[in-house]
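Student:
In full-length UniProt numbering, the protein residues as written are 1 to 181.
1) Taking residue 184 as the reference, give the member of 181, 139 and 125 with the closest Cα.
2) Give a yes or no on whether the C-beta atoms belonging to residue 9 and residue 73 are separated by under 8 Å.
3) Give me whichever residues DSSP pairs with residue 54 in a beta bridge.
4) Select from 4, 155 and 108 the residue whose C-alpha is nearest the C-alpha of residue 64.
5) Using a Cβ-Cβ cut-off of 7 Å (strictly less than) and excluding sequence neighbours within five positions of residue 180, which residues of its own chain qualify?
6) Can you list, in chain order, the residues of its chain with a C-beta nearer than 7 Å to that of residue 138? Leave out the 5 residues immediately preceding and following it.
7) In the DSSP assignment, find the unbroken beta strand (DSSP E) run with residue 109 in it and report its ends.
8) Tell me which residue opens and which closes the beta strand (DSSP E) that residue 115 is part of.
9) Which whole-angstrom value is the C-beta distance of residue 98 and residue 78, which I expect to be below 8 Å?
10) Rounded to the nearest angstrom, how far is the Cβ of residue 22 from that of residue 149, given a contact under 8 Å?
11) Relative to the C-alpha of residue 48, which residue among 164, 106, 76 and 123 is closest?
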């Protein structure tokens, strides 16, 4: 098993945190893991993406030029990364702010309206874990118990009180993701 994943959006969406949760989860599951963040100079609102590779075999390089899965959270990332999903791969995107929807027919495409759902619930801080839950529904590469350990390891101790809400958001994300094609 090997999963090469890019998560891309803008700063403040929890892109890097989502990747870190997956990386810790993979370590807890005794997988080989790489986590390679990339972000613009801005604190919030700039571009941000992270490449995560999870594998049951040694990973030769953390650099990827195509991905099994892309999670896209803004139009700029859609424009950049849609073409980098391998044929037969998966593209997951939050529809908020996407004006040019993906057009490829050789990949599976899923939408998750996490922005709208978090606004409805009044829980904007759960956005990234809701997206993560949608991803794990489509690509169950790590077990939920390891995701919860990874989540706890990636959060500062002051945020541990939000672990039950984050777990619910992960489960809810799995319920609200929809396949387009």
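Glycine included, each C-beta is placed from N, C-alpha and C at the ideal position.
Tutor: The structure says:
1) Any question about residue 184 goes unanswered here, given that the chain covers just 1 to 181.
2) On the chain shown, position 9 is the one that residue 9 refers to. On the chain shown, position 73 is the one that residue 73 refers to. In contact: residue 9 and residue 73 (Cβ atoms closer than 8 Å).
3) As a first step, residue 54 must be located in the chain shown, where it is residue number 54. In the DSSP output, where bridge partners are listed per residue, residue 54 has 3 and 33.
4) One-based indexing of the chain shown puts residue 64 at position 64. Answer by Cα proximity: 4.
5) Here residue 180 corresponds to residue number 180 of the chain shown, with the count starting at 1. If we look at residue 180 and ignore the five residues flanking it on each side, its Cβ neighbours are 109, 110 and 111.
6) In the chain shown, residue 138 corresponds to position 138, counting from 1. Same-chain partners within the cutoff: 90, 92, 110 and 177.
7) The residue you call residue 109 lines up with position 109 of the chain shown. Note, residue 109: beta strand (DSSP E), 108 to 111.
8) The residue given as residue 115 occupies position 115 in the chain shown. In the DSSP assignment, residue 115 falls outside any beta strand (DSSP E) and lies within the alpha helix (DSSP H) extending over 114 to 121.
9) For the purposes of this step, residue 98 is taken as residue 98 along the chain shown, with counting starting at 1. For the purposes of this step, residue 78 is taken as residue 78 along the chain shown, with counting starting at 1. About 6 Å separates the two Cβ atoms, so the contact holds.
10) Along the chain shown, one-based indexing puts residue 22 at 22. Along the chain shown, one-based indexing puts residue 149 at 149. Not quite, the Cβ-Cβ distance comes to about 12 Å (not below 8 Å), so this is no contact.
11) Translated into positions along the chain shown, residue 48 becomes position 48. With respect to the C-alpha of residue 48, the residue from 164, 106, 76 and 123 having the closest C-alpha is 76.
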